[in-house]
Amino acid sequence: MTKGVLYSLAIATMALGGAATAETVAPEKVEIVDMEVTASLTGLPGDATVGRETFADRKKGNCLACHANADLADQLFHGEVGPELNGVADRWSAEQLRAIMVDSKQVFGEQTIMPGFYTMNVGVNVAEKHQGTTILSAQDVEDVVAYLMTLKEN
Amino acid sequence: MAETTIKYTMMAGIFATSLGGAAWAGGPADDKLVIDDELEITTRVKAPEGHPLDEVISGWHYRTDETRALEADSFQNPGMLYVERGEEIWNTVEGDAGKSCASCHGDASESMKGLGAAYPKWDEKAGRPLNIELQINKCREDNMQAEPYKFDAADQKSLTTFIKHQSLGMPVRLDLSQGDMQAWWDKGKEVYYRRTGQLNMACANCHEDYNGNYIRADHLSQGNVNGFPTYRLKQSAMVSLHNRFRGCIRDTRAEFPAAFSDELMALEVYVTWRATGLSVETPAVRQ
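Chains as they are written, first to last, in our numbering: chain A, 1 to 154; chain B, 1001 to 1287.
In structure tokens:
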């Protein structure tokens, strides 16, 4: 069993025990340590099926803008700015993928073009309607992480 | 690029190749632009000293075969209609002084030749650089006693296109020694590398680091200005440079500055310098 599956099981068990106390971590409070965010941002497991849609949705993740992904071959126009995400779960753990999603700059370095999807570390002059918000919600991030964990080749 | 980023990019590269994934055919097309089989256009040129890239490449190379062909044939280039309209305006009397552009400048093919390749230019009285659009407005107010054009008025775009077109094929070359041009260049450079918006991206992220790559369906070019105003097939209209700047900034989910503001004028000075040596292509055709 891979680390990711073990991890989802652990979360599932936790969720069963304490769904009522689950609390969402605010973007400023998320700690990235050693390129990892260890716990679910919402205390709940992600839904990979929803995550697949969030990944492709131009108004949400729009991940296809930069990443090709064979699992979404039915969608036109995969970008090539970032690496292909086929088999990405063989290369990164769920904890690392969560860190990449939250604030890629803290994993890849300040220079990366990849936006941080759950961070207040943003550029200047943010458009009014996006001020004080993150690109994705905490649960969106969990859903996409769960989806990325299904992208295995080995 | 930060060292960690390079490491990851390299790692990613190795993964991608080992997966044997079919990436799109990126990079500039290997082709030559000759308009109407007679005018050779310089679309690739060695970068000037201090430029971050080795070679300056026109956006023409990043477009499809069909789009490139449209620009090579002036009968098919939809932007040529704007050149014709611009010529009409050039010869039309407007304003209380009873003058047209031609009253003072005569034949544009002589008086305007090469001019568009050297703008923005320092204006001593204004104490700032002027681009063609603002120079037109200055003439309208001071010499014609006519109203200045509003940003992106149809006539502003046509007349600007007509004037730039008189420099077709001539190399872009700014004189940064005039007035405070250098300080405006410096400020423009700052804007170019400054990350904006919720997506936290700078011009350089897309046009310097990733030109030649597809971002979704768009093939990223170096973002050069030598073809402006540009005919955009997507919009079926001429697009001014400041409109393009604003669109790119908006795409980072940022508020965009006003057209002709100090910020965008500084950006125009700097980005025009980045296109040094490329031929003026106005009206270029883009997707």
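The beta-carbon is built from N, C-alpha and C at its ideal position, and this holds for glycine as well. For clarity, every value in this text was computed on a predicted model and none was experimentally measured.
Nonlocal neighbours in the same chain, by C-beta distance under 8 Å from residue i, ignoring five residues either side
| i | result |
| --- | --- |
| Pro1229(B) | Gly1079, Tyr1082, Lys1157, Thr1160, Thr1161, Lys1164, Met1238, Val1239, Ser1240, Leu1241, Thr1282 and Pro1283 |
| Thr21(A) | Here the model assigns Thr21(A) a pLDDT of 49, short of 50, so the residue's position is not dependable and the matter cannot be decided. |
| His1207(B) | Leu1220, Ser1221, Gln1222 and Gly1223 |
| Ile32(A) | Ala99, Val102, Asp103, Gln106 and Val107 |
| Pro83(A) | His67 |
| Gly1086(B) | Ser1158, Leu1159, Thr1160, Thr1161, Phe1162, Ile1163 and His1165 |
Any chain B beta carbon closer than 9 Å to residue i
| i | result |
| --- | --- |
| Lys105(A) | yes |
| Val124(A) | yes |
| Leu76(A) | yes |
| Asn121(A) | yes |
| Thr150(A) | no |
| Thr21(A) | Confidence is the limiting factor: at Thr21(A) the pLDDT is only 49, short of 50, which leaves the residue's position unreliable, though a coordinate-based value still follows. With 9 Å as the cut-off, Thr21(A) does not count as an interface residue toward chain B. |
Interface residues of chain D facing residue i [CB-CB closer than 8 Å]
| i | result |
| --- | --- |
| Phe55(A) | Checking the listed chains, one finds no chain D in this structure; the protein chains it contains are A and B. |
CB contact below 9 Å: residue i versus chain A
| i | result |
| --- | --- |
| Tyr1210(B) | yes |
| Tyr1214(B) | yes |
| Met1201(B) | yes |
| Gln1135(B) | no |
| Cys1206(B) | yes |
| Arg1274(B) | no |
| Gly1021(B) | Legend: pLDDT at Gly1021(B) = 35, less than 50; position of this residue unreliable, value from coordinates given subsequently. Taking Cβ atoms only, chain A reaches closer than 9 Å to Gly1021(B), which makes this a yes. |
For residue i, the residue or residues it bridges with in DSSP
| i | result |
| --- | --- |
| Ser1279(B) | Pro1171(B) |
| Ala1284(B) | Thr1230(B) |
| Lys1046(B) | Glu1055(B) |
| Lys1121(B) | Leu1130(B) |
| Ile1249(B) | None; Ile1249(B) has no bridge partner. |
| Ile1215(B) | Asp1218(B) |
| Ile1089(B) | Partner(s): none; Ile1089(B) has no beta bridge. |
| Thr1196(B) | Val124(A) and Met1201(B) |
| Ala1254(B) | Val126(A) |
| Ala1237(B) | Arg1232(B) |
| Leu1039(B) | Ile1035(B) |
Chain-order list of residues whose beta-carbon lies under 7 Å from that of residue i (same chain, five-residue window excluded)
| i | result |
| --- | --- |
| Glu1070(B) | Residue identity check: residue 1070(B) is Leu in the sequence provided, not Glu. Taken in chain order, the residues that qualify are Gln1076, Asn1077 and Val1285. |
| Glu153(A) | Asn86, Gly87 and Asp90 |
| Lys1138(B) | Leu1130 |
| Glu1124(B) | Gly1179 |
| Arg1250(B) | Phe1256 |
| Ala1346(B) | For residue 1346(B) there is no data in the structure shown, the boundaries of chain B being 1001 and 1287. |
| Lys1187(B) | Ala1266 |
Neighbour list for residue i in chain B, Cβ cutoff strictly below 8 Å
| i | result |
| --- | --- |
| Ala127(A) | Gly1197, Gln1198, Arg1250, Arg1253, Ala1254 and Glu1255 |
| Gly116(A) | Asn1200 |
Within chain A, partners of residue i - CB distance below 8 Å
| i | result |
| --- | --- |
| Gly1026(B) | Glu80 |
Partners in chain B for residue i, counting only beta-carbon separations shorter than 9 Å
| i | result |
| --- | --- |
| Ile135(A) | Gln1198, Leu1199 and Arg1253 |
Residues near residue i by beta carbon distance below 6 Å, same chain, minus five either side
| i | result |
| --- | --- |
| Leu9(A) | Below a pLDDT of 50, predicted positions are generally treated as unreliable, and Leu9(A), at 49, falls in that range; the measurement from the model is reported next regardless. Excluding positions up to five away in sequence, the list is empty. |
| Gly1021(B) | With a pLDDT of 35 at Gly1021(B), under the threshold of 50, the modelled position of this residue cannot be trusted, and the question is left open. |
| Gly1197(B) | Thr1252, Arg1253 and Ala1254 |
| Arg52(A) | Tyr147 |
| Thr49(A) | none |
| Leu1053(B) | Ala1047 |
Per-residue contacts from residue i into chain B (C-beta, under 7 Å)
| i | result |
| --- | --- |
| Ile113(A) | Met1201, Asn1205, Asp1209 and Tyr1210 |
Against chain B: residues of the stretch 57 to 68 of chain A by CB proximity under 9 Å: Among the residues of the stretch 57 to 68 of chain A, those with a Cβ less than 9 Å away from any Cβ of chain B are Arg58, Asn62, Leu64, Ala65, Cys66 and Ala68, in the order of the chain.
Residues of the stretch 1247 to 1264 of chain B with Cβ closer than 9 Å to any Cβ of chain A, in chain order: Answer set for the stretch 1247 to 1264 of chain B: Ile1249, Arg1250, Thr1252, Arg1253, Ala1254, Glu1255, Phe1256 and Pro1257.
Near-chain A residues of the stretch 1217 to 1235 of chain B (beta-carbon distance less than 7 Å), N- to C-terminal order: The stretch 1217 to 1235 of chain B vs chain A, Cβ under 7 Å: Ala1217.
Residues in the stretch 1068 to 1088 of chain B having any Cβ partner in chain A nearer than 9 Å: none
Residues, ordered as in the chain, of the stretch 1174 to 1194 of chain B that lie near chain A by beta-carbon distance below 9 Å: Arg1194
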